[in-house]
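Trainee: One structure is given below, represented as structure tokens, and several questions about it will come after.
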Amino acid sequence: MSPEAVIVGGNRIPFTKAGGRYAQASNHDMLTAALDGLVARYGLAGERVGEVAGGAVLKHSRDFNLTREAVLSSALSPLTPACDVQQACGTSLETTVYIANKIRLGQIPSGIASGVDSASDAPIAVSEPLRRILLKANAAKTVQQRIAAFSKIRPQHLAPAAPSVKEPRTGLSMGQHQARTTESWGITREAQDELAATSHANLAAAWDGGFFDDLVTPYLGVTKDTILRPDTSVEKLGALKPAFGGPEGTMTAGNSTALSDGAAAVLLASREWAEEHHLPMLAKVVDAEVAAVDHPSGADLLLAPVAATGRILERNGLTVGDFDLVEIHEAFASTVLATLAAWESEEYCTGLGLSGAIGTLDRSKLNVNGSSLAVGHPFAATGARIVASLAKMLHQRGPGSRGLISVCAAGGLGVVAILEAV
Amino acid sequence: MAAVATRAERDVEVLAGTPNLMPAFARSVLPRPHSGPPTIPTREAVIRNYSQDPARLAAYNRLTGFTLRDAVPPTWLHVLTFPLHIHLLSDKESSIKLLGAVHVSNSMTLHRPVSVSERLNLGVHLDALRPHRKGALVDLIGTIRVADEVVWEGISTYLAQGVTVPVEAQPTDREPFEPATPQALWSLPLDLGRQYRAVSGDPNPIHTSRLAARAFGFPRPIIHGMWTYARALASFDGRLPGAYATRVAFTKPILLPTTVGLITHRTDAGYRAVVTDRRGSAPHLAMSVDTPQLDQ
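If you read the sequences in order, they're chains A and B. Per the numbering used here, the very first residue in the first sequence carries number 34; after that it's consecutive. Per the numbering used here, the very first residue in the second sequence carries number 69; after that it's consecutive.
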């Protein structure tokens, strides 16, 4: 029998709004902080871990080896290898799958899955025409050629290109895409605000109950997620103006995730390794599935996890009712609601090649300790945040408890995974 | 703005805030006619309840190579005490002036991790004026407390050329240097001194101006020794424990722009690093980290 990949535990730094308390921190700084907190929590100082996989969505070109550099800055042994993985907002669920698969294949006994993003310290690139001119000037062999190249620079070339969350093939922002999905699935403003308010209330209760005491390490004086508004309500959220979908739109800054800064990491291991190191085992990674939609042809950009969910359930012979807890990443409140509606739609699911509707979720199982609307969403850190939190929640419920994670991502991608408490 | 109070045996001058460095610096470089044996101020200059600026720390860390963590580098704590160095050296009681004084060595002890969020009580006093074959040595002794707990101590030793102390000079020990191929090469740009001035507040123009550097016998600006020290210490970044002692000896100034080499070793006590010329044939500074609680 192949080894199991168990989740030992996780660590993240509190998430903050972009431009806030981590405005000066780089992805390298935050990822190192998340790793070092994990190292401290599980006594890994000087330890050679099998591999660390991490990544960031908004990434500077100098950070080509972001994760390896963070490992070198961390207290882990410098002999710990690392790699960068990037799958938009699915990044650190994908790094979890990558590490778990290597453990299950017996290639590594332990590993760390991680992700980080800074919307504050985002890379700014030169404009595309200027970049081409600079490359040409750099390749020039004579002064004349170089002068000729530079003479092509025009004032409009000097405007820097900030990273955008636009889909390259549609030119639409993620919010614009989701506004179309929201409208076509008939998701109401009230339902979105209610889901957002619940997310804040759940997260606030989890913090108050000490749930994050062994999941979060303070960083730069921040001890708690700063986007969380414990006192928000459907009424307060209802007063906000639409941010997407025009004046009649239903999506607001309150029911959409805020640009955020943060990092998260998860320690995974074989049972043997965890036992040898006297470490806890919370849950095992049972299976994972990735899917994509053809959004350039008009499909709902953020509903790719639906196909992934349908396929993983069929492969494992499970139904929605077999899960004790479900985590659906709250890119937008309406993404979660449209996902749940799609699960219930026979037509949509069979259109994906599934044998029928996925089913109806008991909403009391959904995001019970809050999710991205309240925590924030540093793109590549979200998956690892969810994995660590869900593993702990399942463990609290007892062996055999099952959980499903569904994360949507730019590019029409979706990653899902099944965890089971051990 | 300054009040004098007594703590232990030493007078304490409490400053209301960080002194304005430019006028103090100007005073601290002006030579004053002085007769009789050299003197140094005996009081401790203190800034209480100092709040660290996270943005400045981030800029300092970016420039010196440290990862931005909750716990700050000991060299950053030195930087926080530096205005008090200038304040005391600008004192009329001080025959040691910054002008012509050379920072020859530094040692620091970090007693525990110090968080960027902690409020600090900074104190500096001068001590141990003693002879050297080229003049006189003096120690600027910094102490940082959180409430009453001493969390950091630093000793900066300056050589004041042309100052004569009427005691026989003691030979100074210097660790032997073995030429070796550097493990790393650092390319230091001409404006590095300007960049370090922005984060350290050290206004000495020999680091930023060719003219000023020439006036002191350097053909080009020289980088601050404390930048080089910090950069070398940062090369051990992830392996530095929460508490340790570290010291440095500055051998030869680094003229900007240039490329220098780094040679590091493990030692029984911890780590040692030498910043050399690019070939690894001559040292600019040698530093060490001593820790009883070394990882792995």
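Think of the CB as a built atom: it goes at the ideal place given N, C-alpha and C, for glycine as much as any other residue.
My understanding is that residue 301 of chain A touches residue 144 of chain A, with C-beta atoms under 8 Å, so please give their C-beta distance in whole angstroms.
Mentor: By one-based count along the first sequence, residue 301 of chain A stands at place 268. By one-based count along the first sequence, residue 144 of chain A stands at place 111. Contact holds; Cβ gap of about 5 Å.
Trainee: Mind pulling the beta strand (DSSP E) runs of 3 or more residues that sit fully within the stretch 303-329 of chain B?
Mentor: 312-318
Trainee: Can you give me the C-alpha to C-alpha distance between residue 39 of chain A and residue 368 of chain A, rounded to a whole angstrom?
Mentor: Within the first sequence, numbered from 1, the residue matching residue 39 of chain A stands at position 6. Within the first sequence, numbered from 1, the residue matching residue 368 of chain A stands at position 335. Those two C-alpha atoms are separated by around 30 Å.
Trainee: Counting only runs of 4+ residues fully inside the stretch 327-415 of chain A, write out the alpha helix (DSSP H) ranges in chain order.
Mentor: 337-349, 366-377, 379-384 and 405-408
Trainee: Taking C-beta pairs closer than 8 Å, name the residues in chain A that residue 346 of chain B reaches, listed in chain order.
Mentor: Looking up residue 346 of chain B in the second sequence gives position 278. By Cβ distance, chain A contributes nothing, its closest Cβ being about 22 Å from residue 346 of chain B, past 8 Å.
Trainee: At the 9 Å Cβ level, is residue 272 of chain B part of the contact set with chain A, yes or no?
Mentor: By 1-based counting over the second sequence, the position of residue 272 of chain B is 204. No - not a single Cβ of chain A is within 9 Å of the one on residue 272 of chain B.
Trainee: Residues of chain B with CB under 8 Å from residue 251 of chain A, in chain order?
Mentor: Counting from one through the first sequence, the residue named residue 251 of chain A turns up at place 218. What residue 251 of chain A touches in chain B: 138.
Trainee: Between the beta-carbon of residue 155 of chain B and the beta-carbon of residue 92 of chain B, is there less than 9 Å?
Mentor: Against the second sequence, residue 155 of chain B aligns to sequence position 87. Against the second sequence, residue 92 of chain B aligns to sequence position 24. Yes. Within cutoff.
Trainee: Assess contact between the stretch 359-376 of chain A and the stretch 401-410 of chain A, defined as three or more Cβ pairs (one per stretch) separated by less than 8 Å. Is contact present?
Mentor: yes
Trainee: If you measure from the beta carbon of residue 222 of chain A to each beta carbon in chain B, is any gap under 9 Å?
Mentor: Position 189 of the first sequence, counting from 1, holds the residue named residue 222 of chain A. Not one chain B Cβ lies under 9 Å of residue 222 of chain A.
Trainee: Which residues in chain A have a C-beta closer than 7 Å to the C-beta of residue 305 of chain B? List them in chain order.
Mentor: Along the second sequence, one-based indexing puts residue 305 of chain B at 237. Residues of chain A passing the Cβ test: 106.
Trainee: Closest to residue 55 of chain A by C-alpha separation, out of A/99, A/154 and A/104, would be which residue?
Mentor: As a first step, residue 55 of chain A is located in the first sequence; it is residue number 22 there, counting from the start. Looking at the Cα atoms, A/154 is the closest of the given residues.
Trainee: Any contact between the stretch 299-317 of chain A and the stretch 126-133 of chain A? By contact I mean 3 or more CB pairs, one from each, below 8 Å.
Mentor: yes
Trainee: Tell me whether residue 165 of chain B is buried or exposed, calling it buried when 16 or more other Cβ atoms sit within 10 Å of its Cβ.
Mentor: Start at 1 with the first residue of the second sequence, and residue 165 of chain B comes out as number 97. Buried, because 16 or more other Cβ atoms sit within 10 Å of the Cβ of residue 165 of chain B.
Trainee: Which partner residues of residue 50 of chain A appear in the DSSP bridge assignment?
Mentor: Reading the first sequence from its first residue, position 17 is the one you call residue 50 of chain A. For residue 50 of chain A, which the question treats as bridged, DSSP gives the partners A/293.
Trainee: Could you pull out every residue in the same chain whose Cβ sits closer than 8 Å to the Cβ of residue 70 of chain B, ignoring the five residues on either side in sequence?
Mentor: By 1-based counting over the second sequence, the position of residue 70 of chain B is 2. Low per-residue confidence applies at residue 70 of chain B: pLDDT is 44, beneath 50, and the placement is therefore not dependable, though the value from the model is reported in the following sentence. Answer for residue 70 of chain B: 81, 82, 83 and 84, listed in chain order.
Trainee: Terminal residues of the continuous beta strand (DSSP E) containing residue 314 of chain A?
Mentor: Residue mapping note: residue 314 of chain A aligns to position 281 of the first sequence, counting from 1. Element bounds for residue 314 of chain A: n/a, residue is neither H nor E.
Trainee: Near residue 136 of chain B, what residues of its chain come up, given a Cβ to Cβ distance below 6 Å and the 5 sequence neighbours on each side ignored?
Mentor: Position 68 of the second sequence, counted from the first residue, corresponds to residue 136 of chain B. Around residue 136 of chain B: 126 and 129.
Trainee: Less than 6 Å between C-beta atoms, sequence neighbours within five positions excluded: which residues of the same chain meet that for residue 210 of chain A?
Mentor: Start at 1 with the first residue of the first sequence, and residue 210 of chain A comes out as number 177. For residue 210 of chain A, where only same-chain residues beyond five positions count, the Cβ hits under 6 Å are 334.
Trainee: Thinking C-alpha only, which one of A/417, A/329 and A/64 is nearest residue 132 of chain A?
Mentor: Numbered from 1 along the first sequence, position 99 holds the residue referred to as residue 132 of chain A. Of A/417, A/329 and A/64, the residue nearest in Cα terms is A/417.
Trainee: Spell out whether any CB of chain B is found under 9 Å from the CB atom of residue 259 of chain A.
Mentor: Counting from 1 along the first sequence, the entry for residue 259 of chain A is found at position 226. With 9 Å as the cut-off, residue 259 of chain A does not count as an interface residue toward chain B.
Trainee: Tell me which same chain residues have a C-beta within less than 6 Å of the C-beta of residue 263 of chain A, skipping the five on either side of it?
Mentor: Start at 1 with the first residue of the first sequence, and residue 263 of chain A comes out as number 230. Closer than 6 Å at the Cβ level, and outside the excluded window around residue 263 of chain A, lie 237.
Trainee: What does residue 15 of chain A touch in chain B if you count any residue whose Cβ is under 9 Å from its own?
Mentor: Residue 15 of chain A lies beyond the residue range present for chain A, which begins at 34 and ends at 455; the question has no answer from this structure.
Trainee: Do residue 64 of chain A and residue 89 of chain A have their CB atoms nearer than 9 Å?
Mentor: As a first step, residue 64 of chain A must be located in the first sequence, where it is residue number 31. As a first step, residue 89 of chain A must be located in the first sequence, where it is residue number 56. Contact flag set, yes.
Trainee: As a quick exercise: from B/264, B/203 and B/161, pick the residue whose alpha carbon is nearest that of residue 25 of chain B.
Mentor: This structure does not reach residue 25 of chain B, given that chain B is present from 69 up to 364, and the question cannot be answered.
Trainee: Per the contact definition of three or more C-beta pairs closer than 8 Å, is the stretch 446-455 of chain A in contact with the stretch 424-434 of chain A?
Mentor: yes
Trainee: Answer with yes or no whether the minimum CB distance from residue 129 of chain B to chain A is below 9 Å.
Mentor: Residue 129 of chain B sits at position 61 when you count from the first residue of the second sequence. Interface residue, yes.
Trainee: Which residues in chain A have a C-beta closer than 9 Å to the C-beta of residue 184 of chain B? List them in chain order.
Mentor: Translated into positions along the second sequence, residue 184 of chain B becomes position 116. In chain order: 253 and 254.
Trainee: Does any C-beta atom of chain A lie closer than 9 Å to the C-beta of residue 248 of chain B?
Mentor: Counting from one through the second sequence, the residue named residue 248 of chain B turns up at place 180. Not flagged as an interface residue toward chain A: residue 248 of chain B, since no C-beta distance is shorter than 9 Å.
Trainee: I believe residue 47 of chain A touches residue 258 of chain A by the beta-carbon criterion, under 8 Å. Please report the beta-carbon distance rounded to the nearest angstrom.
Mentor: Mapped onto the first sequence, residue 47 of chain A falls at position 14. Mapped onto the first sequence, residue 258 of chain A falls at position 225. Rounded, the Cβ-Cβ distance is 5 Å, consistent with contact.
Trainee: Just to confirm, are residue 173 of chain B and residue 109 of chain B a CB contact at a threshold of 9 Å?
Mentor: Walking along the second sequence from the start, residue 173 of chain B turns up at place 105. Walking along the second sequence from the start, residue 109 of chain B turns up at place 41. Result no, Cβ atoms of residue 173 of chain B and residue 109 of chain B do not sit closer than 9 Å.
Trainee: Within the 9 Å Cβ cut-off, does residue 45 of chain A reach chain B?
Mentor: In the first sequence, the residue the question calls residue 45 of chain A occupies position 12. Chain B, which has no Cβ nearer than 9 Å to the Cβ of residue 45 of chain A, makes this no.
Trainee: Give a yes or no on whether the C-beta atoms belonging to residue 317 of chain B and residue 354 of chain B are separated by under 9 Å.
Mentor: Along the second sequence, one-based indexing puts residue 317 of chain B at 249. Along the second sequence, one-based indexing puts residue 354 of chain B at 286. Taking 9 Å as the Cβ cut-off, residue 317 of chain B and residue 354 of chain B qualify as a contacting pair.
Trainee: List the residues that DSSP assigns as beta-bridge partners of residue 252 of chain A.
Mentor: Position 219 of the first sequence, counted from the first residue, corresponds to residue 252 of chain A. Beta-bridge partners of residue 252 of chain A (DSSP): A/255.
Trainee: Candidates B/183, B/199 and B/193: which alpha carbon is nearest residue 106 of chain B's?
Mentor: For the purposes of this step, residue 106 of chain B is identified with residue 38 of the second sequence, where counting begins at 1. Comparing Cα-Cα distances from residue 106 of chain B to each of B/183, B/199 and B/193, the minimum goes to B/199.
Trainee: Tell me which same chain residues have a C-beta within less than 6 Å of the C-beta of residue 239 of chain B, skipping the five on either side of it?
Mentor: Position 171 of the second sequence, counting from 1, holds the residue named residue 239 of chain B. With a pLDDT of only 49 at residue 239 of chain B, under the threshold of 50, the placement of this residue in the model should not be trusted, and no figure is reported.
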